[in-house]
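Position 40 of the sequence shown, counting from 1, maps to 45 under my numbering, and the rest follow consecutively.
Heads up: the structure comes next, in structure tokens.
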Amino acid sequence: MSTILVRGEKQSEQDIVQFWNTSELIWTAVTTSSEAILCKADLKVDISENNITFYRAYVRRSWFYKREYNGTFRHFYQNLSTPYDSVRIQSRNGRNKAREVLHYQSKTTHVPWSGP
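Structural data, given as structure tokens:
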């Protein structure tokens with residue numbers, strides 16, 4: 006597993022719950038995931054302090070997929086005094102699992118890391 010620092014800055018307090026708490030689609034065009042996905046769109050269904058349910062749609066090898074995921078927010082860097090900075094997700098059928106860590110966010114950009 007590897008992580009990145011944005012512009013050489015120390016990991017700041019990124020709040021992944023706040024990031025996900027939107028009614029808008031969340032588009033990701035570039036990712037560190039090993040899957041051959043050109044882009045993906047996530048739509049939140051339900052969110053709480055610790056959990057999220059969302060739909061993820063993406064195109065892979067000319068096929069369109071839409072799956073429902075459940076996620077649990079976590080502290081990737083083990084600093085319990087900061088907001089959650091990652092989410093452990095799993096598709097409803099249990100076949101697709103991932104961890105996504107929010108490394109940087111602004112009003113227009115976010116930098117996630119995806120891994121097993």
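All residues carry an ideal CB built from backbone N, CA and C; glycine is no exception.
In this structure the region 82-93 does not touch the region 61-73; the number of beta carbon pairs closer than 8 Å is below three. Contact between Lys-49 and Ala-62 fails: their C-beta atoms lie close to 13 Å from each other, not under 8 Å.
Assigned with DSSP and collapsed to three states, Gln-23 falls in helix. Closest option to Ile-57, judged by alpha-carbon separation, among Asn-101, Ala-34 and Ile-21: Ile-21. Here the alpha carbon of Gln-23 sits roughly 26 Å from the alpha carbon of Asn-98.
In the DSSP assignment, Thr-58 falls within the unbroken beta strand (DSSP E) covering 56-65. If you ignore the 5 residues before and after Thr-77, its C-beta comes within less than 6 Å of the C-beta of Asn-56 and Arg-93, all in its own chain and listed in chain order. By the criterion of a C-beta distance shorter than 8 Å, Pro-88 is surrounded in its chain by Glu-18, Gln-19, Asp-20, Ile-21, Val-22 and Gln-23, once the five residues flanking it on both sides are discounted.
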